[in-house]
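Undergrad: In the UniProt record's numbering, the protein residues as written are 1 to 597. The structure follows.
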Ligand SMILES: Nc1ncnc2c1ncn2[C@@H]1O[C@H](COP(=O)(O)OP(=O)(O)OP(=O)(O)O)[C@@H](O)[C@H]1O
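What follows is the structure, encoded as structure tokens:
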């Protein structure tokens, strides 16, 4: 028996749960050798880091978890061939019934292996059964929906035409590249060309993202008003729901009302902000979809992956686009589109379309340029862009941070309470937001909120007019969910209530009925995924930290519509831009086999 508690002291970054799980699994496998014990610690550790599995090639021959001032601490994993041979000799193949699975040089907990297999199967089912659109009708509909005939390739029209051939499509692109604009036209194309009117549902991972998707779709529909008939427009829903509500949450239970035995009755599912969706949720979703249901995913594959395990969008949306198959190239040619035909046949990426041109961040603006440099890992170039300053960018060096925060509070947060009415106060609330990579530390969310509360609520009233709050737990009874943002504002009798915005409506909740919440002047970047603000200020931590990555910075800075400030030190910025989030998974391998892996 190992002394797990003492062992933990010699392993940096390993949690007790990793050690206990590894010990239980060793006992199950009747093998107590160190190499297996540490491999299993590695699987549990990898899951906590968001990987779906432990990828042998990433750790083979390397020492992991060494403690800085303890020589010979940590564990050195076997060389790849040796490690592979040892794992292959155990009864942990896919067809065994062990709680761990070894396949494709990846070690999984069986539950996660199952999620990956089920999702891959749901995708394969759709990829292996491409559709045959009515070409004549599709050509006419495409010409109605897009202004074709320009000199440059219209990637939005290409994406729309391409989606006609697929039961599974991804339309990916950065902020403002027209994903919603394009997909509204895809839905119209399908409604105009399919023999029967399809039942369409739209979903997003968070309430805020679902609300934004609904708003964007309604705007895009009204844009189409003069071009298409009412029947087509009516087929496209006005509202989107959260993924959890779509699947049917059962209060206080882990499962959903819909599953493989009780599938959703829909023909087309559109899902936005897919980078936030984790592997287990995506696998559960695909289990509930009927085989004929088309799935269209929208997202920005450069953003942070999901909080829980997996990196589904990044796995499926390879960058750069690997090229279309010759068959698909020919099919798109029939619509007059010439695309890169470098892909193999059958085309593993025929489901994927990229949109490249951002209408939000045009070529002149600093935010778009900065976003590109950050995602390319260009630490020096991005810092130069920031320091040179553009009219939409501001760099705030460390020594000026405290003063600058006070000014932001006076300029944007104090005026919320002085708004003319509730609608104006909500508007004011989304004018500006402070974002931090983490909750803790002197420049983390908790410290900043505390400091701003002292300025705006010196009397420490439990509730005050203009106070922004964020719900931090799901409460199905009250209908409020983790991440929902509300505002404290008086009703007509002067009674302070918490108000929550859904579309144009504001719903009041008595403060006494609120689930757990916190005041939010500053938020973590993770929590703002799926939201946008007119102006954003990102406060970097004082010292470099492992979780500050280029994906986190990119996600934070692309929340800004008009202007962006970054406050911090040059070394912390450089360190963050250089670091990448890497997620181990076997999803792409399962889909394309050995073609590209
Ligand atoms: N081809 C186009 N012609 C005119 N306007 C367009 C076109 N494509 C997009 N837009 C406009 O650009 C704006 C951004 O488009 P859209 O909301 O579809 O982008 P998005 O990629 O979904 O953005 P986000 O990442 O913010 O969700 C919208 O106002 C939309 O109407």
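Beta carbons: idealized from backbone N, C-alpha and C, even for Gly.
Could you tell me which of 589, 592, 590 and 583 sits nearest to residue 599, measuring between CA atoms?
TA: Since the displayed the chain opens at 1 and closes at 597, residue 599 lies outside it and no answer follows.
Undergrad: Hey, would you say the C-beta of residue 175 is under 7 Å away from at least one heavy atom of ligand 1?
TA: Counted from its first residue, the chain shown places residue 175 at position 175. Yes.
Undergrad: Determine the contact status of residue 228 and residue 192, defining contact as a CB-CB distance below 8 Å.
TA: Counted from its first residue, the chain shown places residue 228 at position 228. Counted from its first residue, the chain shown places residue 192 at position 192. Yes, the pair counts as a contact, with Cβ atoms nearer than the cut-off.
Undergrad: In three-state DSSP terms, what is residue 270?
TA: Here residue 270 corresponds to residue number 270 of the chain shown, with the count starting at 1. Note: residue 270 maps to strand in three-state DSSP.
Undergrad: So what does DSSP say about residue 215, is it helix, strand or coil?
TA: For the purposes of this step, residue 215 is taken as the residue at position 215 of the chain shown. Three-state result, residue 215: helix.
Undergrad: Under the criterion of a Cβ to heavy atom distance below 7 Å, does residue 406 qualify as lining ligand 1?
TA: On the chain shown, residue 406 is found 406 positions in, with the first residue counted as 1. For ligand 1, not one heavy atom lies less than 7 Å from the Cβ of residue 406.
Undergrad: By DSSP, does residue 249 sit in helix, in strand, or in coil?
TA: What you label residue 249 is simply residue 249 of the chain shown in a count that begins at 1. If DSSP states are grouped into helix, strand and coil, residue 249 belongs with the strands.
Undergrad: By DSSP's criteria, residue 433 is part of a beta bridge. Which residues make up the other side?
TA: Start at 1 with the first residue of the chain shown, and residue 433 comes out as number 433. For residue 433, which the question treats as bridged, DSSP gives the partners 536.
Undergrad: Following a CB-centred definition, is residue 353 positioned closer than 7 Å to any heavy atom of ligand 1?
TA: Against the chain shown, residue 353 aligns to sequence position 353. Checking every heavy atom of ligand 1 against the Cβ of residue 353, none is found closer than 7 Å.
Undergrad: Mind checking whether the beta-carbon of residue 210 lies closer than 7 Å to any heavy atom of ligand 1?
TA: Numbered from 1 along the chain shown, position 210 holds the residue referred to as residue 210. No.
Undergrad: With DSSP as the reference, label residue 361 as helix, strand or coil.
TA: One-based indexing of the chain shown puts residue 361 at position 361. Residue 361 falls in the coil class under three-state DSSP.
Undergrad: Whole alpha helix (DSSP H) runs in the segment 169-204 with 4 or more residues, listed along the chain?
TA: The qualifying runs are 179-193.
Undergrad: What would DSSP say about residue 455, mapped onto helix, strand or coil?
TA: Counted from its first residue, the chain shown places residue 455 at position 455. The answer is helix: DSSP assigns residue 455 an H, G or I state.
Undergrad: With 16 as the cutoff for other CB atoms within 10 Å, does residue 230 come out buried or exposed?
TA: Residue 230 sits at position 230 when you count from the first residue of the chain shown. Its Cβ having fewer than 16 others within 10 Å, residue 230 is exposed.
Undergrad: Look at residue 138 and residue 189 and say whether their C-beta atoms are less than 8 Å apart.
TA: Position 138 of the chain shown holds residue 138. Position 189 of the chain shown holds residue 189. Their beta carbons are under 8 Å apart, which means residue 138 touches residue 189 by this criterion.
Undergrad: If you measure from the CB of residue 218, is any heavy atom of ligand 1 nearer than 7 Å?
TA: Locating residue 218 in the chain shown gives position 218, counting from the first residue. Residue 218: no, Cβ never under 7 Å from ligand 1.
Undergrad: Compute the Euclidean distance between the alpha carbons of residue 379 and residue 12, then round it to the nearest angstrom.
TA: Your numbering for residue 379 matches position 379 in the chain shown. Your numbering for residue 12 matches position 12 in the chain shown. One C-alpha to the other measures close to 28 Å.
Undergrad: Tell me the rounded alpha-carbon separation between residue 85 and residue 67.
TA: Translated into the one-based positions of the chain shown, residue 85 becomes position 85. Translated into the one-based positions of the chain shown, residue 67 becomes position 67. Their Cα atoms are separated by approximately 29 Å.
Undergrad: DSSP beta-bridge partners for residue 106?
TA: Reading the chain shown from its first residue, position 106 is the one you call residue 106. According to DSSP, which records beta bridges pairwise, residue 106 is partnered with 55 and 103.
Undergrad: Hey, would you say residue 449 sits closer than 8 Å to residue 519, going by beta carbons?
TA: Stepping through the chain shown from its first residue, residue 449 is reached at position 449. Stepping through the chain shown from its first residue, residue 519 is reached at position 519. Taking 8 Å as the Cβ cut-off, residue 449 and residue 519 qualify as a contacting pair.
Undergrad: Could you tell me if the beta carbon of residue 179 falls within a distance shorter than 7 Å of some heavy atom in ligand 1?
TA: Here residue 179 refers to the residue found at position 179 of the chain shown. Result yes, Cβ under 7 Å from ligand 1.
Undergrad: Any idea which residues DSSP pairs residue 566 with across the strands?
TA: Residue numbering aside, residue 566 sits at position 566 when the chain shown is read from its first letter. Paired residue(s): 395 and 538.
Undergrad: How about residue 355 and residue 221: are their beta carbons less than 8 Å apart?
TA: Within the chain shown, the letter at position 355 stands for residue 355. Within the chain shown, the letter at position 221 stands for residue 221. Contact: no.
Undergrad: Quick test of your reading: residue 416 and residue 466, contact by CB under 8 Å. State the CB separation rounded to the nearest angstrom.
TA: As a working mapping, residue 416 is identified with position 416 in the chain shown. As a working mapping, residue 466 is identified with position 466 in the chain shown. At roughly 4 Å, the Cβ-Cβ gap stays under 8 Å, so residue 416 and residue 466 are in contact.
Undergrad: Does any heavy atom of ligand 1 sit closer than 7 Å to the C-beta of residue 562?
TA: As a position in the chain shown, residue 562 is number 562, starting the count at 1. No, the Cβ of residue 562 stays beyond 7 Å of every heavy atom of ligand 1.
Undergrad: Going by DSSP, what residue range makes up the beta strand (DSSP E) through residue 499?
TA: Counting from one through the chain shown, the residue named residue 499 turns up at place 499. Segment 496-502, the beta strand (DSSP E) holding residue 499.
Undergrad: Please confirm if the segment 500-513 is in contact with the segment 386-404, defined as three or more CB-CB distances below 8 Å between the two stretches.
TA: As far as the Cβ criterion goes, the segment 500-513 does not touch the segment 386-404, which means the pair count is below three.
Undergrad: Which whole-angstrom value describes the C-beta separation of residue 552 and residue 541, a residue pair presumed to lie in contact below a C-beta threshold of 8 Å?
TA: Walking along the chain shown from the start, residue 552 turns up at place 552. Walking along the chain shown from the start, residue 541 turns up at place 541. 11 Å between Cβ atoms; not a contact.
Undergrad: Does DSSP put residue 345 in a helix, in a strand, or in coil?
TA: Taking the chain shown and counting its residues from 1, the one referred to as residue 345 is at position 345. Only weak support is given to the placement of residue 345: the predicted model assigns it a pLDDT of 48, under 50, and the value that follows is read from those uncertain coordinates. Residue 345: coil per DSSP, three-state reduction.
Undergrad: Any idea if residue 437 is buried or exposed, counting beta-carbon neighbours within 10 angstroms, 16 or more meaning buried?
TA: Stepping through the chain shown from its first residue, residue 437 is reached at position 437. Classification for residue 437: buried.
Undergrad: Is any heavy atom of ligand 1 found at a distance shorter than 7 Å from the C-beta of residue 360?
TA: Translated into positions along the chain shown, residue 360 becomes position 360. Flag set: Cβ of residue 360 near ligand 1.
Undergrad: Using beta-carbon positions only, say whether residue 298 and residue 259 come within less than 8 Å of one another.
TA: Residue 298 sits at position 298 when you count from the first residue of the chain shown. Residue 259 sits at position 259 when you count from the first residue of the chain shown. Not in contact: residue 298 and residue 259 (Cβ atoms no closer than 8 Å).
Undergrad: Taking contact to mean 3 or more Cβ pairs, one atom from each stretch, closer than 8 Å, check whether the segment 322-330 and the segment 201-216 are in contact.
TA: No, because fewer than three Cβ pairs between the segment 322-330 and the segment 201-216 fall closer than 8 Å, the two stretches do not touch.
Undergrad: Name the DSSP bridge partner or partners of residue 296?
TA: Position 296 of the chain shown, counting from 1, holds the residue named residue 296. The partner list for residue 296 (beta bridge, DSSP) reads 169 and 270.
Undergrad: Once DSSP output is grouped into helix, strand and coil, what is the label at residue 5?
TA: Position 5 of the chain shown, counting from 1, holds the residue named residue 5. Looking at residue 5 - three-state DSSP - the assignment turns out to be helix.
Undergrad: Going by the beta-carbon positions, is the gap between residue 171 and residue 296 smaller than 8 Å?
TA: Numbered from its first residue, the chain shown carries residue 171 at position 171. Numbered from its first residue, the chain shown carries residue 296 at position 296. Their beta carbons are under 8 Å apart, which means residue 171 touches residue 296 by this criterion.
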